[in-house]
Ligand SMILES: Cc1cc2nc3c(=O)[nH]c(=O)nc-3n(C[C@H](O)[C@H](O)[C@H](O)COP(=O)(O)O)c2cc1C
């Protein structure tokens, strides 16, 4: 591989990648093309599996393997009814990293680690990081509130040092990163690398339709909002007429929409109603969610798919970090990663006191 020299950190040592940069798992976006391009660029590419059936996941993993020899990961929902089958695929196919959207159980972590898989849950609060670290996770990815998709309300600049101080395992910083300065800042906080979602969505290797990418590029920081009206959980996305209408609609409309999407997602994912309800119950557990929100939560993927795959931004949503407001181009993954590493080295040299 050509490009800037390797940049070893605890993250690169743990996972075997060249640079301390993670292309995070994003439903409908982080498919084989983006993941293999990220891996070939020297970053850790993570395949998003929550929007794939089990068979599609196996095929996607094999496709990535056919396009790259570099390590990569798979992101999954620990609370999915078929998480066990997905873990089986990760182990059988010798995928290097398992990334989790919600904290995995102690048993799941142990099963993966026994098989030599590196376990990196994503978390949005210190106590979750402490819990998964105590259960044996190899590293954690922390996502600050400015990050895209489901998100918390503590900013990366506050959450990151809090988690770095609380756990003894490598911490990957996510939420708001797009350049080499950000990487150096994260390393200065004690992180082992950065994870980026929105920045990788906005590359020429991402399969998101060009007209949709143009909407992200045109967005200012103020055009990115958080709504709970999609599925009851805070979800960061571009503000559109669709989001405004979700915010205005009453309970009956929400429930109808939820049922429609539940039915579509059931067909799409091959999930039975029983499984949807079981997943919904797991999601409802301990949270103040109405059944219509639970149904929608199981079907947020349909709203994302409408925009990110079909280009129907009038009926779909576009998950996005605030950082979309700073991004203005669509480099390839290798151009992006090289640029970030060059910027990071320049930023390190320009620090006061650096020789
Ligand atoms: C379009 C989109 C889809 C996402 N889907 C998922 C997902 O399926 N699983 C997950 O753990 N995180 C998901 N996320 C969150 C990202 O993995 C990542 O943590 C976040 O984008 C980081 O913040 P940034 O956008 O500021 O880089 C998604 C984010 C976006 C923008």
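Residue numbers (this note's numbering): 16 to 370. All residues carry an ideal CB built from backbone N, CA and C; glycine is no exception.
Can you tell me which of the three DSSP states residue i falls into?
| i | result |
| --- | --- |
| residue 240 | strand |
| residue 227 | helix |
| residue 330 | coil |
| residue 251 | strand |
| residue 369 | coil |
| residue 41 | coil |
| residue 217 | coil |
| residue 323 | helix |
| residue 315 | helix |
| residue 336 | coil |
| residue 124 | helix |
| residue 345 | coil |
| residue 233 | helix |
Note the first and the last residue of the continuous alpha helix (DSSP H) segment covering residue i.
| i | result |
| --- | --- |
| residue 38 | From DSSP, residue 38 is part of no alpha helix (DSSP H) but of the beta strand (DSSP E) over 36-38. |
| residue 71 | 69-82 |
| residue 32 | Per DSSP, residue 32 belongs to no alpha helix (DSSP H) and is neither H nor E. |
| residue 363 | 348-365 |
| residue 257 | 256-263 |
| residue 190 | Segment: none, residue 190 is in no alpha helix (DSSP H) and carries neither H nor E. |
| residue 195 | 195-203 |
| residue 99 | 98-107 |
| residue 54 | 47-55 |
With a cut-off of 7 Å, does the C-beta of residue i fall near any C-beta of chain C?
| i | result |
| --- | --- |
| residue 113 | No chain C appears in this structure, which consists of one protein chain only. |
Check the DSSP bridge columns for residue i and list the partner residues they point to.
| i | result |
| --- | --- |
| residue 90 | 63 and 114 |
Where do the N-terminal and C-terminal ends of the beta strand (DSSP E) with residue i fall, by residue?
| i | result |
| --- | --- |
| residue 209 | 208-211 |
Examine the Cβ distances between the segment 360-370 and the segment 47-64 and report whether three or more of them are shorter than 8 Å.
-> Not touching, per the Cβ criterion.
Between the segment 131-149 and the segment 176-187, do at least 3 Cβ pairs fall closer than 8 Å?
-> Output reads yes: the segment 176-187 touches the segment 131-149.
Whole alpha helix (DSSP H) elements within the segment 126-183, 4-residue minimum = Listed in chain order, they are 141-149 and 171-181.
Evaluate contact between the segment 347-357 and the segment 31-49, counting only Cβ atoms and requiring at least three cross-stretch pairs below 8 Å.
-> Because the criterion of three Cβ pairs below 8 Å is met, the segment 347-357 and the segment 31-49 touch.
Cβ contact (3+ pairs, closer than 8 Å) linking the segment 201-209 and the segment 16-27 | Using a Cβ-Cβ distance cut-off of 8 Å, the segment 201-209 and the segment 16-27 are in contact, since at least three pairs of beta carbons, one from each stretch, lie closer than that value.
Specify whether the segment 222-238 and the segment 321-335 touch according to this definition: at least 3 beta carbon pairs, one from each stretch, less than 8 Å apart.
-> Flag = yes, the segment 222-238 and the segment 321-335 touch.
Answer yes if the segment 187-198 comes into contact with the segment 211-218, meaning at least three C-beta pairs across the two stretches below 8 Å, and no otherwise.
-> Cβ pair count under 8 Å is three or more, so yes.
Check whether the segment 115-128 touches the segment 74-84, counting contact only when three or more Cβ pairs, one atom from each stretch, lie closer than 8 Å.
-> No, because fewer than three Cβ pairs between the segment 115-128 and the segment 74-84 fall closer than 8 Å, the two stretches do not touch.
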